[in-house]
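Read the structure below first, then the notes.
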Amino acid sequence: MTGTVKIAIDGPSGSGKSTLARSLSKILGYVYVDTGAIYRTVGLYAKRNGISPDDEKSLKERFPDINISLKWENGCQRILLNGEDVSEDIRTPEASMYASAVSALPEVRKFLLSMQRDIAARSNVIMDGRDIGTVILPDAQVKIFMHAEAKIRAERRYKELVGKGKDVTYKEVYDDMCRRDKNDSTREQAPCIPAKDAVIFDNSLLSETETVERALKIIEEKIK
Ligand code: DC
């Protein structure tokens, strides 16, 4: 096979994409790219600079001032906004809502498209997001679309946030997730839907280990 290997993992928040992608990247030795972090960073920029997250015009004018870079430490992605590591700051519920809003703006998606494609052209990647299989890497050799029930996804995200010491309630996480699901799947630009050639993977009832095992089988079948 020539060129790089591209594995696209899409799905709604809390579907277990990042956990799976991180495990696969360790096993396969591919670079893991969490594209949600990139949208979150644009959202954080808007929030910090008092720009309404649906004000496409003002945000576009500031693109030259938004310099986003990724680096990897022990296989974990860190994200920098104008040189500052914002990997933790982008994880608050407020940053999530900003990310969801800015990600619906066509200009923002255009701005971030080449950045994502460039990374995939340089290395073998496992990229997770919402539109990786449909828009960013339509030529990915493997496309997996993750799905799990909203209640289960909210429980996972709640445990993750509490584990990180965040002060949130389950209800806040669940409501926030339903709102974002609606935004992300009904927007006109790159909605969160499976590519025609994606394998739909419902992991509601699977453990992390079972999820990884099943994904490895899918990958093995696609990349002989
Ligand atoms: O995966 P996440 O929850 O960190 O993503 C944050 C937001 O960014 C989410 O509301 C949807 C958006 N997003 C997107 O539109 N396209 C992607 N490829 C990744 C994330």
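In terms of our numbering, the sequence shown is residues 234 to 457. A virtual CB, placed ideally from N, CA and C, is assigned to each residue, including glycine. Note that the structure is a prediction, hence the values are computed from the model and not measured.
Check, Outcome
"Verify the contact flag: Ala332, CB atom, against every heavy atom of ligand 1, threshold strictly below 8 Å.", "yes"
"Does the count of Cβ pairs from the stretch 425-433 and the stretch 251-271 closer than 8 Å reach three?", "no"
"Using three-state DSSP, classify Ala448 as helix, strand or coil.", "helix"
"What do you reckon, are the CB atoms on Ala354 and Met360 nearer than 9 Å?", "no"
"With a threshold of 8 Å (Cβ to nearest heavy atom), would Asn282 be considered close to ligand 1?", "no"
"Should Arg273 be counted as a contact of ligand 1 given a C-beta to heavy atom distance under 8 Å?", "yes"
"May I have a chain-ordered list of the beta strand (DSSP E) segments no shorter than 3 residues that lie completely inside the stretch 316-400?", "358-362, 375-380"
"Rounding to the nearest angstrom, what Cα-Cα distance links Thr237 and Leu370 in this structure?", "12 Å"
"Mind checking which residues open and close the alpha helix (DSSP H) that includes Ile271?", "268-281"
"Going by Cα to Cα distance, which pick from Tyr331, Thr367, Phe378, Asn315 is closest to Asp243?", "Phe378"
"Do Gln374 and Ile456 have their CB atoms nearer than 9 Å?", "yes"
"How about Asp267: is its Cβ closer than 8 Å to a heavy atom in ligand 1?", "yes"
"Going straight from the alpha carbon of Val358 to that of Val266, what length do you get?", "7 Å"
"Using a threshold of 9 Å, state whether the C-beta atoms of Leu277 and Val341 are closer than that.", "no"
"Please determine, among Ile271, Leu253, Ile385, Tyr331, the residue with the shortest C-alpha to C-alpha distance to Leu438.", "Ile385"
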